[in-house]
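Remarks on the structure that follows.
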Amino acid sequence: MSGTTDPGALAARDAKNLSGVNGSATPDDRIAFPTLRDDQIERARAFGQVERVPHGGVLFTPGERSVDFFIILEGEIEIVDDTVLGDDGNPVATVITVHCQRCFTGELDLFSSRKILVGGRMKGDGAVLRIPRDGFNELIVAEPDIGELVLRAFIQRRLGLIDHAQGGALIVGRRDSGDTLRLQRFLRRNSHPHRGLFVAGPDQGAAAA
84 MSGTTDPGAL AARDAKNLSG VNGSATPDDR IAFPTLRDDQ IERARAFGQV ERVPHGGVLF
144 TPGERSVDFF IILEGEIEIV DDTVLGDDGN PVATVITVHC QRCFTGELDL FSSRKILVGG
204 RMKGDGAVLR IPRDGFNELI VAEPDIGELV LRAFIQRRLG LIDHAQGGAL IVGRRDSGDT
264 LRLQRFLRRN SHPHRGLFVA GPDQGAAAA
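Quick note: the sequence shown uses my numbering, first residue 84, plus one each step.
Listed below in structure tokens is the structure:
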């Protein structure tokens, strides 16, 4: 890829939502979750190593930095959001999508040192091509067709997280509070996914949004 791209500016483009694990495929879903060809996977092998992963094996967790890039060779990887609150008010790990064979993991934060927003775990026994951070950066530069595919997917995934309020920050406070509104504006300007848990008043319950 040539030149530089501002992920925040690109993420501000108008685009539709990700469908999630139960939705039907749309053109935007195909951009967000493309599959790699055999020749692309073979070229990517030079930048990482193949690993067997058992069912339930955790590949990355929310809040980690500089995580590895994974291409699924066998099995599936569940992408998990741990910011969803259960009825008891505690976080509940929720599967928001599943990456299948020939797909790859990652989101815009893989291009930076920011904390990642979601977790990943193996669904069933499987095998992955694990590419470390340095190898990922080399792959993106050395193989432009793969790099373009990955960047487009990452941008669309970020748009989906924002549109569905998945991952990212949880804002707790009054809906009409100045502090709440300033936080929301800040997060929107930085294309950072967030959701709100708003308290209407002392005699009213909280409302999620």
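No residue lacks a Cβ here, since even glycine has one placed at the ideal position from N, Cα and C. None of the values given here were measured: they were computed from a predicted structure.
Asparagine 220 versus arginine 235: straight-line alpha-carbon distance, rounded: The alpha-carbon of asparagine 220 is positioned some 15 angstroms away from that of arginine 235.
For leucine 142, which of Arg185, Arg213, Ser260 and Ile238 has the nearest alpha-carbon? It is Arg213 whose Cα lies nearest to the Cα of leucine 142.
Three CB pairs or more closer than 8 angstroms across the segment 135–155 and the segment 197–212: By the Cβ rule, the segment 135–155 counts as touching the segment 197–212, because three or more pairs are nearer than 8 angstroms.
Name, in chain order, the residues that DSSP records as bridge partners for proline 228. Note that residue 228 is aspartate in the sequence shown here, rather than proline. Beta-bridge pairing links aspartate 228 to no other residue.
Rounded to a whole number of angstroms, what is the C-alpha to C-alpha distance between glycine 106 and valine 175? Any answer about glycine 106 is weak, because its pLDDT of 42 lies below 50 and its placement is not dependable; what the coordinates show is given next. Computed Cα separation, rounded: 21 angstroms.
Indicate the three-state DSSP secondary structure (helix, strand or coil) for arginine 197 in the structure shown. Residue state, collapsed to three classes: coil.
Simplified DSSP assignment, three categories, for glycine 218: In the three-state DSSP reduction, glycine 218 falls in the helix class (H, G or I).
Count the other C-beta atoms from every protein chain shown that fall within 10 angstroms of the C-beta of glutamate 125, then say buried if there are 16 or more, exposed otherwise. With fewer than 16 other beta carbons inside 10 angstroms of its own, glutamate 125 counts as exposed.
What span of residues does the beta strand (DSSP E) with glutamate 134 cover, start to end? Start and end: 132–136.
Suppose you measure from the CA of phenylalanine 130 to the CA of proline 215; what does that come to, to the nearest Å? Those two C-alpha atoms are separated by around 8 angstroms.
CB of phenylalanine 38 within 8 angstroms of CB of phenylalanine 153, strictly: Residue 38 falls outside the range modelled here, since the chain spans only 84 to 292, and no answer is possible.
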